[in-house]
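Enquirer:
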Amino acid sequence: MTLLSEKPVVMRPTPATEPVLALRDVRIGNPNTGAEIVHGISLELRPGKVVGIVGESGSGKTLSCRAALGILPSNLAITSGSIEIAGTDIATLSTREWTALRGSTISAVFQDPASYLNPSIQVGPQVAEVLRVKKGLKRREARHRAIELLQAVHLRHPELVYSQYPHELSGGMLQRILIAAACAADPQILIADEATTALDVTVQAEILDLLADLRDSAGLALVVVSHDLAVVAQLCDEVLVMREGEVVEHGPTSQVLYRPEHEYTRLLIDEHEQYGLQKFVRREKAS
Amino acid sequence: MAVDSAVTVARLRHGAVRTLVTVAKSVAIVVPVFLLATFVTFALRSLSGLSPAHIQLGEEATPEAVARVESQWGLDQPFLQQYWDWFTGLLHGDLGTSWVNGAEVSTLIGLGLGVSVSIAFLAMGIGIVAGFVLGTVAALRRTTWIDRAITGFVTIVSVMPAFVVGIVLVTIFAVGLGWFPSAGYVPLAEGFSPWLTHILLPAIALSFDVVADVARQLRSGLIAAYRENYVSGALVRGLGGRRIFFVHVLRNAMGPALATLGLKFPALVGASVVTEWIFGLQGFGRFANDSAQAGDVPAVQGVLVVSILMVVGFNLVVNLVLARVTPASQRGV
Amino acid sequence: MLSLPSGRIAVGLLILIALLAALGPVLAPQDPLATSDNTLAGVSGAHWLGTDYLGRDTFSRLLAGSRISVLASLEVALVALGVGAVPGILSVYLGRVFEWGTLRLADTLVALPFLLFAVAVTALLGNGLTQAMLVTGVLVSPLFYRVSRAATLTVARSQYVEAAIISGASVGWVVRRHVWAKVLPPIAIALAQTIGVGFIIVSSLTFLGIGVQPPAPTWGGLLASDLGYLDYQPWAPLAPALLIMVTVWASNLLADAIRDVSGEAGRAFVDNRRDARTASNDPSTPLPLGGAR
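Respectively, the protein sequence lines represent chains A, B and C. When you line the first sequence up against the working numbering, it's residues 1 to 287, in that order. When you line the second sequence up against the working numbering, it's residues 1001 to 1333, in that order. When you line the third sequence up against the working numbering, it's residues 2001 to 2293, in that order.
#1: Measure the C-alpha to C-alpha separation of A/Gly52 and A/Leu268 and round it to an integer number of angstroms.
#2: C/Ser2066 and C/Leu2016 look like a contact to me (Cβ under 8 Å); what is the Cβ gap, rounded to whole Å?
#3: The alpha helix (DSSP H) with A/Met242 in it runs from where to where?
#4: Helix, strand or coil for B/Leu1320 per DSSP?
#5: What is the DSSP secondary structure of A/His154, reduced to helix, strand or coil?
#6: Find out if the Cβ-Cβ distance for the pair C/Ser2148, C/Gly2084 is shorter than 9 Å.
#7: Along chain C, which residues have their Cβ under 7 Å away from the Cβ of B/Trp1277?
#8: Output yes or no for whether 9 Å exceeds the beta carbon distance between B/Pro1266 and C/Val2135.
#9: Using beta carbons (cut-off 9 Å, strictly below), is B/Leu1020 in contact with chain A?
#10: Answer yes or no: do B/Gly981 and A/Lys138 have a C-beta to C-beta separation smaller than 9 Å?
#11: Can you name the residues that DSSP bridges to C/Thr2051?
#12: Report the CB separation of A/Val223 from A/Leu45 in whole angstroms; it is logged as a contact under 8 Å.
#13: Do you know offhand how far B/Pro1194's Cα is from C/Arg2157's?
#14: Run through chain A and tell me which residues come within less than 8 Å of B/Asn1252, C-beta to C-beta.
#15: List, in chain order, every chain A residue whose beta-carbon is nearer than 7 Å to that of B/His1248.
#16: B/Pro1063 by DSSP, collapsed to three states: which one?
#17: Would you say C/Pro2113 reaches chain B, if we count a Cβ-Cβ gap shorter than 9 Å as a contact?
#18: Check whether chain B comes within 9 Å of A/Ala108, counting only Cβ atoms and requiring the distance to be less than that.
#19: Check whether the region 16-24 of chain A touches the region 163-181 of chain A, counting contact only when three or more Cβ pairs, one atom from each stretch, lie closer than 8 Å.
#20: How about C/Trp2048: is its C-beta nearer than 9 Å to some C-beta of chain B?
#21: Is A/Thr88 helix, strand or coil when you go by DSSP?
#22: Could one say the Cβ of B/Arg1324 lies closer than 9 Å to chain C's Cβ atoms, at least one of them?
#23: So, for B/Arg1219: in the same chain, excluding its five sequence neighbours on each side, which residues have a beta-carbon less than 7 Å away from its beta-carbon?
#24: At a Cβ cut of 9 Å, what residues of the region 1293-1317 of chain B count as close to chain A, listed as they run along the chain?
#25: Among A/Val153, A/Val130, A/Val241 and A/His262, which has the Cα closest to the Cα of A/Ile207?
#26: From which residue to which residue does the alpha helix (DSSP H) around B/His1198 run?
#27: List the residues of chain B that A/Ala182 touches, going by C-beta distances under 8 Å, in chain order.
#28: Please give me, in chain order, every unbroken run of the alpha helix (DSSP H) with length at least 4 that falls completely inside the region 2138-2220 of chain C.
#29: Tell me which residues share the same chain as B/Thr1019 and place their Cβ nearer than 6 Å to its Cβ, disregarding the 5 neighbours each side in the sequence.
#30: In whole angstroms, what is the alpha-carbon distance linking C/Pro2029 and B/Val1117?
#31: Using C-beta distances below 7 Å, list every residue in its chain close to B/Val1157, excluding the 5 sequence neighbours before and after it, in chain order.
#32: Examine chain B for any beta-carbon lying closer than 9 Å to the beta-carbon of C/Ser2148, and answer yes or no.
#33: Please list the terminal residues of the continuous beta strand (DSSP E) segment that includes A/His272.
#34: Can you give me the Cβ contacts of C/Thr2010 inside the same chain, cut-off strictly under 6 Å, excluding the 5 residues immediately before and after it?
#35: Cα-Cα, which of B/Ala1162, B/Leu1200 and B/Pro1078 is closest to C/Val1976?
#36: Would you list the one or two residues that DSSP bridges to A/Arg102?
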């Protein structure tokens, strides 16, 4: 099912072998105090691929994402290394260039979807707003297209949902809406930071399926961040395991899950086996 | 496109219904408030023990003369009967007759109302605009000296009661520099400039309190709103700073500032009593003061009723705006 | 509270003013009511702030006037506290009808322009400052009502109170033990603020000549008489005006200091309608040992 356009999917100028997002030995810390929180993370993300980052809270996974989005807290900065989005080094970007880049090239959804929407504005117009600002659509067209997007993320009665306020909708619906808004301007990269953590297990599975659809239909490149190995196992081609700011393991999913090299990864997997990671692992084996 | 129009109709109805519900809710709250307030106002007369007889006849009136005058005024009727007569009169716009000069209270009030309302609205306007600008600048330049300067200024302004400001303004600008007249009022019909010069100083005096509170509330509202996740959400979707401010942050930050306005208005009406005295304006507040000093109970009652209406009406408008702009704030009540 | 510089300044100022009020008439170098022929004199050794239009020593009048003004503002604040706080706390526990009734009552009181009402009531019920302050106190009480109600609500719905009630504690015990601690800081803040407000109202009323019989001196009254003689003594209003402003400032400062010090409880001081959403920017998650939700 196509999501992002009724027209045939247009592949971007970036050749399939060039990464759309590249972090090269990125270190993040407080430039004033010299404290370092992330001690060198590297990853390369290509169109249609999914990279997962696993770790506990405080492991630095969210900070790395925020760095890639340019929204680090004001006291932190990238102290070493570089990040490239679609070939452009972000260190050279001005505020205006960042605004242009976000939404149309790189986008994100986070945990607790309700809080990421303006509680005083109906949800539909917030999606339409992205279309008007980033794609220059007129009001009527934007509304129409926004409803299409809501439909594409499997919301029933999209026209009715359009006029609802965030507090009138469930977490699962809100996350879908946020995904719609994030993809409205056809970005190449979507970062999903704990996107399913606050949702019910069944809804969680649906959202993950949705993300997989996006990857397949539009060639979207995904970064899936989670503390939950099962989430990562379901969707990702490649996994990074982070602990206290360090990447302790990095490799293809099957390798990291079956033949974990680092003790910490083994610990994570052992804990998850109690919760049924087995069936994911077995499914991987079978396919 | 039948679906489109059907949905549009549903949307319109949804929005209209919501507004209607808000209006209905506000009215439902207002009615008991109004009833109670007017009842208390009316009961004041009995509590005060004042009587038109003393005004008309002086202190040495005989009891028979007093009784005669009182029955002329209908004051020998049972309390509830009087209340009912008065209240039904109210609903027809009849506020009773002055004990002092026998004129219709509503006419007397009407004479001064124009003055007071012009000043009140100008004061509100100045307060809102100045407070808005100061609050916004302070919030956006949060860690710099600008913020500290504005906060300091606002603190000083907030401890200056209206009449102190009025006196200072009169001393400096009217008596001292002679830029403005120190007293009197010129109706708008006689020219914009004279009208403005006469009401500007009192309006400024009244606005200080509003400026201070609006600036403070807006500043803290903006700072808090910017910390919310939906700002990050909008940012990450690629929306620019200006848009985020005007479309997203402002409407959520405005709530407390707007609510404050509703509280400030009664204070403004009250303070006008003093400013009108200082600036020699024959306005509503002045009339209230004079009537109270003279013991003219119907006039005072009329004044109170009118001011209650003004305040209630103003609050209704503020609530409607709040409901429309920040539906989120309504759920906090 | 005394740990903050603002707190120290505020307390210091207020103590000074309280002393002034208590001892003012005693400290006055001259009889505040004594008229003389030395009218509208300037600053001099004998008269530190000159004299007024009746030859009375301004400085002495200021000192004497402090007592009335300060006491009256305190009266306003205390009346407002008594009338507002108790119903506020009880409104959470005494059922729907009581709650609705008191809420509407609070709304009513807020709708009345208090200065106007104070003027009206004072004049009608007899020209006493006490009546005026009583009325003003009642009119300002909704603040205490709302504040104590909001604080009580946050406590009442908290889990440790639910636990206490489930274990059989009575409402009275719960109120005394838990609610009071949470409610006290916001009430303290409201009190400090109300003293400032009360002061402004007292000044305004005495300015208009309501509530005090001349020639009793009050700061507002002093301002009023100064107004008539601006041509001769343009600087005269400065002293009472400054005193009024400083007192109000000190009480506001005190309110802020209390708020800063009481932290969480102070933030329960919500004097406006606002949906207080607490957003969590922190994507902290349970440890991986928690597994699926």
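C-beta: ideal position from N, C-alpha, C; glycine also.
Expert: Judging by the given coordinates:
#1: Roughly 14 Å separates the two Cα atoms.
#2: In fact, because the Cβ distance is near 10 Å, the residues do not count as touching under 8 Å.
#3: Counting along the chain, no alpha helix (DSSP H) covers A/Met242; the unbroken beta strand (DSSP E) around it starts and ends at Glu238 to Arg243.
#4: B/Leu1320: helix per DSSP, three-state reduction.
#5: Correct three-state label for A/His154: coil.
#6: In this structure, C/Ser2148 sits near C/Gly2084, with a CB-CB distance shorter than 9 Å.
#7: Going along chain C in sequence order, the residues near B/Trp1277 (Cβ under 7 Å) are Leu2208.
#8: Going by beta carbons, B/Pro1266 and C/Val2135 fall outside the 9 Å limit.
#9: Output row for B/Leu1020: interface = no.
#10: The question about residue 981 of chain B has no answer here: the residues shown for chain B are numbered 1001 through 1333.
#11: Looking at the DSSP assignment, C/Thr2051 forms a beta bridge with C/Asp2057.
#12: Between A/Val223 and A/Leu45, the beta carbon gap of about 6 Å places them in contact (Cβ cut-off 8 Å).
#13: For B/Pro1194 and C/Arg2157, the distance between alpha carbons rounds to 59 Å.
#14: Residues of chain A passing the Cβ test: Asn118, Pro119 and Ser120.
#15: What B/His1248 touches in chain A: Asn118.
#16: In the structure shown, B/Pro1063 falls within a helical segment according to DSSP collapsed to helix, strand and coil.
#17: Chain B, which has a Cβ nearer than 9 Å to the Cβ of C/Pro2113, makes this yes.
#18: For A/Ala108, at least one C-beta of chain B is nearer than 9 Å to its own C-beta.
#19: For the pair of segments examined, the region 16-24 of chain A was found not to touch the region 163-181 of chain A: the number of CB pairs separated by less than 8 Å stays below three.
#20: No, its Cβ sits nowhere closer than 9 Å to a Cβ of chain B.
#21: Shown here, A/Thr88 sits in a strand according to DSSP, grouped into three states.
#22: B/Arg1324 is outside the set of residues whose beta carbon lies under 9 Å from a beta carbon in chain C.
#23: Non-local beta-carbon contacts of B/Arg1219 in its own chain, meaning distances under 7 Å to residues more than five positions away in sequence, involve Gly1135, Ala1138 and Ala1139 in chain order.
#24: Residues: none.
#25: Checked all of A/Val153, A/Val130, A/Val241 and A/His262; the closest Cα to A/Ile207 is A/Val153.
#26: DSSP places B/His1198 in the uninterrupted alpha helix (DSSP H) bounded by Phe1192 to Tyr1226.
#27: Residues of chain B passing the Cβ test: Val1236 and Arg1237.
#28: For the region 2138-2220 of chain C, whole alpha helix (DSSP H) runs of length 4 or above, ordered along the chain, are 2142-2156, 2159-2166, 2171-2174 and 2180-2207.
#29: Cβ-Cβ distances below 6 Å link B/Thr1019 to nothing in the same chain once the five nearest sequence neighbours on each side are left out.
#30: If you draw a straight line from the Cα of C/Pro2029 to the Cα of B/Val1117, it is about 46 Å long.
#31: In its chain, beyond the 5 residues on either side, Phe1208, Val1211 and Ala1212 have a beta carbon closer than 7 Å to the beta carbon of B/Val1157.
#32: Cβ-Cβ to chain B under 9 Å: no for C/Ser2148.
#33: That residue, A/His272, is in no beta strand (DSSP E); its alpha helix (DSSP H) goes Glu263 to Glu273.
#34: Note on identity: in this sequence residue 2010 of chain C is Ala, with Thr being the wrong assignment. Close CB contacts of C/Ala2010 within its chain, under the 6 Å cut and outside five residues either way in sequence, are with Ala2250, Leu2253, Leu2254 and Ala2257 (chain order).
#35: Beyond the ends of chain C as shown, which are 2001 and 2293, falls residue 1976 of chain C; an answer cannot be given.
#36: By DSSP's assignment, A/Arg102 forms a beta bridge with A/Ile106.
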